[in-house]
Amino acid sequence: MINFNSKLPTVGTTIFSVMSKLAADHQAINLSQGFPDYAADEKLTSAISQAMKDGFNQYAPMPGLLALRALIAEKIETFYGAKYHPETEVTVTAGGTQAIFTAINTFITSGDEVIIFEPAYDCYAPTIKLLGGLVKPFELQAPDYKIDWEMVKKLFTANTKMIIINSPHNPTGSILRKEDIDALIKLTKDTDILILSDEVYEHIIFDGEQHQSVALYPELAERSFIVASFGKLLHTTGWKMGYCLAPAKLMAEFRKVHQFNVFSVNTPMQVGIANYLKSTNIYKEIPVFFQQKRDHFQQLLNETKFELLPCKGSYFQCVSFNNISDEKDTDFAKRLVTEFGVASIPVSAFYTKNIDHKVLRFCFAKEDSTLEKAVEKLIKL
Ligand code: PMP
Numbered sequence: 004m005i006n007f008n009s010k011l012p013t014v015g016t017t018i019f020s021v022m023s024k025l026a027a028d029h030q031a032i033n034l035s036q037g038f039p040d041y042a043a044d045e046k047l048t049s050a051i052s053q054a055m056k057d058g059f060n061q062y063a064p065m066p067g068l069l070a071l072r073a074l075i076a077e078k079i080e081t082f083y084g085a086k087y088h089p090e091t092e093v094t095v096t097a098g099g100t101q102a103i104f105t106a107i108n109t110f111i112t113s114g115d116e117v118i119i120f121e122p123a124y125d126c127y128a129p130t131i132k133l134l135g136g137l138v139k140p141f142e143l144q145a146p147d148y149k150i151d152w153e154m155v156k157k158l159f160t161a162n163t164k165m166i167i168i169n170s171p172h173n174p175t176g177s178i179l180r181k182e183d184i185d186a187l188i189k190l191t192k193d194t195d196i197l198i199l200s201d202e203v204y205e206h207i208i209f210d211g212e213q214h215q216s217v218a219l220y221p222e223l224a225e226r227s228f229i230v231a232s233f234g235k236l237l238h239t240t241g242w243k244m245g246y247c248l249a250p251a252k253l254m255a256e257f258r259k260v261h262q263f264n265v266f267s268v269n270t271p272m273q274v275g276i277a278n279y280l281k282s283t284n285i286y287k288e289i290p291v292f293f294q295q296k297r298d299h300f301q302q303l304l305n306e307t308k309f310e311l312l313p314c315k316g317s318y319f320q321c322v323s324f325n326n327i328s329d330e331k332d333t334d335f336a337k338r339l340v341t342e343f344g345v346a347s348i349p350v351s352a353f354y355t356k357n358i359d360h361k362v363l364r365f366c367f368a369k370e371d372s373t374l375e376k377a378v379e380k381l382i383k384l
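Final position of the sequence shown in the working numbering is 384; the numbers increase by one with none missing.
And the structure:
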């Protein structure tokens, strides 16, 4: 037997795997993990296979196919009025996850502190810890998960190196507003603090709200890595395609890590996605598509005993079960699968301290019929 020290001794199987397995074992409807259960656009899948047939099967350029980077830059300028140079400021990545991993790796070393907002998407903290960094979680409270920036300020020390924000937010469906951005600008002014802005749900935003990309604000953009995911945009989470944006100086450092991490990303995917993006209205369609899903799911859930939490973006609806049970959210979520046949994610899983507000997260990126069947079961609660 060899001896070793785990670099992540407290990390076990994630709640996503646990709930998905439970869902499979009990043939439950799986609203736990965030992925669509409907097909991607046929035009998109044809564009990818055409790229393979056309012979785009060897290494792509290290930062990504220039044609795709140019389309990304064009989109960012159209939506946020910001100029990112395709040659030097856009890099195609293997999903948002790799962009996050690489951005954190680019700058965080032993002893650096990174502020994250919990409940938080699960890949931030382990990545920081792998590098010897210190996670400084700021705990948000149900039901609205609003950030008290005066309190955030108290987490700042001389070692604060990075702040990770995520809007629209997984798991809560909350969004950052202009006042949050103003506070963040004020807090980081005259510091060398970097921002990692996880914007993978940028186009899944509701009720006429404007996505507050850090790209809109030069004071933030100059210190920020912006992370995006084609998995969310194109309903293809299994393709693991995304990108990162940053000013040239930061991006040059990012690419030093990226090139030894993956070197480059799946070529036919890049060609196919670029060709597809040229011929669709996807950016206009996505918010409308998901707003319909959210509205439908909320209407259905209104017939249950759950209390709905606000959902302004992302494809997650959180619900409180406070008036149904006083079980731990993990126990309640497990019982929901085994006894009622619906899988969710208990939100305590997104807190370092497993704070339990009696809230569950449901993913509504599902066929209407899936959502309807799920709620038929939940009504029995
Ligand atoms: N950030 C957030 C907030 C996410 O929800 C996800 C995907 N669940 C990612 C990043 C990762 O995106 P990708 O699947 O493209 O790696």
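All C-beta atoms in this analysis are idealised placements derived from N, C-alpha and C, irrespective of residue type, glycine included.
Sequence-distant residues of its chain with Cβ nearer than 6 Å to residue 219 (five each side left out)
If you number the sequence shown from 1, residue 219 lands on position 216. For residue 219, where only same-chain residues beyond five positions count, the Cβ hits under 6 Å are 83.
Does the region 92–110 come within contact of the region 257–272, defined as at least 3 CB pairs closer than 8 Å?
yes
Tell me which same chain residues have a C-beta within less than 7 Å of the C-beta of residue 124, skipping the five on either side of it?
Reading the sequence shown from its first residue, position 121 is the one you call residue 124. Same-chain partners within the cutoff: 169, 173 and 201.
Contact under 8 Å by Cβ, residue 34 with residue 247:
On the sequence shown, position 31 is the one that residue 34 refers to. On the sequence shown, position 244 is the one that residue 247 refers to. No, the Cβ-Cβ distance between residue 34 and residue 247 is not below 8 Å.
May I ask which residues mark the beginning and end of the beta strand (DSSP E) holding residue 49?
Position 46 of the sequence shown, counted from the first residue, corresponds to residue 49. From DSSP, residue 49 is part of no beta strand (DSSP E) but of the alpha helix (DSSP H) over 45–56.
Residues bridged to residue 33 (per DSSP)
Here residue 33 refers to the residue found at position 30 of the sequence shown. Its beta-bridge partners are 346.
Which same chain residues, not among the five before or five after residue 26, have their C-beta less than 7 Å away from its C-beta?
Residue numbering aside, residue 26 sits at position 23 when the sequence shown is read from its first letter. Closer than 7 Å at the Cβ level, and outside the excluded window around residue 26, lie 33, 35, 340 and 346.
Let me check one thing: in DSSP terms, what residues is residue 356 bridge-paired to?
Sequence index remark: in the sequence shown, residue 356 carries index 353 (1-based). Paired residues: none, contrary to the question.
For residue 275, name the three-state secondary structure that DSSP assigns.
By 1-based counting over the sequence shown, the position of residue 275 is 272. Note: residue 275 maps to helix in three-state DSSP.
How is the alpha helix (DSSP H) around residue 127 delimited, first residue to last?
One-based indexing of the sequence shown puts residue 127 at position 124. Start and end: 127–133.
Taking C-alpha atoms, which residue in 215, 167, 152 and 180 lies nearest to residue 423?
Residue coverage of the chain in this structure runs from 4 to 384, which leaves residue 423 outside it and unanswerable.
Do residue 324 and residue 300 have their C-beta atoms closer together than 8 Å?
Residue 324 sits at position 321 when you count from the first residue of the sequence shown. Residue 300 sits at position 297 when you count from the first residue of the sequence shown. Not in contact: residue 324 and residue 300 (Cβ atoms no closer than 8 Å).
In this structure, does DSSP put residue 171 in helix, strand or coil?
The sequence position of residue 171 within the sequence shown is 168, counting from 1. Reduced to three states, the DSSP call for residue 171 is coil.
Give the list of continuous beta strand (DSSP E) stretches no shorter than 3 residues that lie fully inside the region 49–104.
93–96
If I'm right that residue 368 touches residue 296 with Cβ under 8 Å, what's the distance once you round it to whole angstroms?
As a working note, residue 368 is residue 365 in the sequence shown. As a working note, residue 296 is residue 293 in the sequence shown. That pair is a contact at about 7 Å.
So who's on the other strand from residue 245, going by DSSP bridges?
Within the sequence shown, residue 245 is the residue found at index 242, counting from 1. Paired residues: 96 and 232.
Could you tell me whether the Cβ atoms of residue 269 and residue 244 are closer together than 8 Å?
Numbered from its first residue, the sequence shown carries residue 269 at position 266. Numbered from its first residue, the sequence shown carries residue 244 at position 241. Cβ distance < 8 Å, so residue 269 and residue 244 count as in contact.
Closer than 7 Å by C-beta to residue 331: which residues in its own chain qualify, once you throw out the five before and the five after it? Chain order, please.
Counting from 1 along the sequence shown, the entry for residue 331 is found at position 328. Correct list, in chain order: 359.
Rounded to the nearest angstrom, what separates residue 76 and residue 281 at their Cα positions?
Translated into the one-based positions of the sequence shown, residue 76 becomes position 73. Translated into the one-based positions of the sequence shown, residue 281 becomes position 278. About 13 Å.
Sheet register partners of residue 315 (DSSP bridge):
Taking the first residue of the sequence shown as 1, we reach residue 315 at position 312. Paired residues: none, contrary to the question.
DSSP three-state label for residue 330, please.
Translated into the one-based positions of the sequence shown, residue 330 becomes position 327. It is coil, neither helix nor strand.
If I measure Cβ to Cβ from residue 193 and keep anything under 6 Å in the same chain, skipping five residues before and after, which residues do I get?
What you label residue 193 is simply residue 190 of the sequence shown in a count that begins at 1. Cβ within range, chain order: n/a, list empty.
For residue 65 and residue 16, what's the separation of their Cα atoms in angstroms?
In the sequence shown, the residue the question calls residue 65 occupies position 62. In the sequence shown, the residue the question calls residue 16 occupies position 13. Distance between the alpha carbons of residue 65 and residue 16: 32 Å.
How big is the Cα-Cα spacing for residue 336 and residue 195?
The residue you call residue 336 lines up with position 333 of the sequence shown. The residue you call residue 195 lines up with position 192 of the sequence shown. Approximately 42 Å, taken between the alpha carbons.
For residue 158 and residue 118, believed in contact at Cβ under 8 Å, the rounded distance:
Position 115 of the sequence shown, counting from 1, holds the residue named residue 118. Position 155 of the sequence shown, counting from 1, holds the residue named residue 158. Rounded, the Cβ-Cβ distance is 5 Å, consistent with contact.
Could you tell me how far apart the beta carbons of residue 273 and residue 63 are, in whole angstroms, since I believe they sit closer than 8 Å?
Locating residue 273 in the sequence shown gives position 270, where the first residue counts as 1. Locating residue 63 in the sequence shown gives position 60, where the first residue counts as 1. The Cβ separation is near 6 Å, so the contact holds.
Hey, is the region 205–225 in contact with the region 177–191, meaning 3+ C-beta pairs nearer than 8 Å?
yes
With a threshold of 6 Å on Cβ separation, who are the neighbours of residue 37 within its own chain once the five nearest residues in sequence on each side are excluded?
Numbered from 1 along the sequence shown, position 34 holds the residue referred to as residue 37. Result list for residue 37: 366, in chain order.
Which two residues bound the contiguous alpha helix (DSSP H) that contains residue 268?
Residue numbering aside, residue 268 sits at position 265 when the sequence shown is read from its first letter. Per DSSP, residue 268 belongs to no alpha helix (DSSP H) and is neither H nor E.
Considering only DSSP beta bridges, list what residue 198 is partnered with.
Numbered from 1 along the sequence shown, position 195 holds the residue referred to as residue 198. For residue 198, which the question treats as bridged, DSSP gives the partners 166 and 227.
Throw me the rounded Cβ distance for the residue 135 and residue 112 pair, which I believe falls under 8 Å.
Looking up residue 135 in the sequence shown gives position 132. Looking up residue 112 in the sequence shown gives position 109. Sure, about 7 Å apart at Cβ, within 8 Å.
For my contact list, residue 121 and residue 143 are in at a C-beta cut-off of 8 Å; report their separation, rounded to the angstrom.
Position 118 of the sequence shown holds residue 121. Position 140 of the sequence shown holds residue 143. Confirmed, about 6 Å.
Closer than 7 Å to a non-hydrogen atom of the ligand PMP - does that hold for the CB of residue 103?
Translated into the one-based positions of the sequence shown, residue 103 becomes position 100. Yes.
Between residue 334 and the ligand PMP, is the CB less than 7 Å from at least one heavy atom?
Sequence index remark: in the sequence shown, residue 334 carries index 331 (1-based). It does not: the Cβ of residue 334 is nowhere closer than 7 Å to a heavy atom of the ligand PMP.
Tell me the DSSP secondary structure of residue 221 in three-state form.
Numbered from its first residue, the sequence shown carries residue 221 at position 218. Note: residue 221 maps to helix in three-state DSSP.
Taking a contact to mean a Cβ-Cβ separation below 8 Å, would you say residue 208 touches residue 306 in this structure?
The count along the sequence shown starts at 1 and reaches residue 208 at position 205. The count along the sequence shown starts at 1 and reaches residue 306 at position 303. No.
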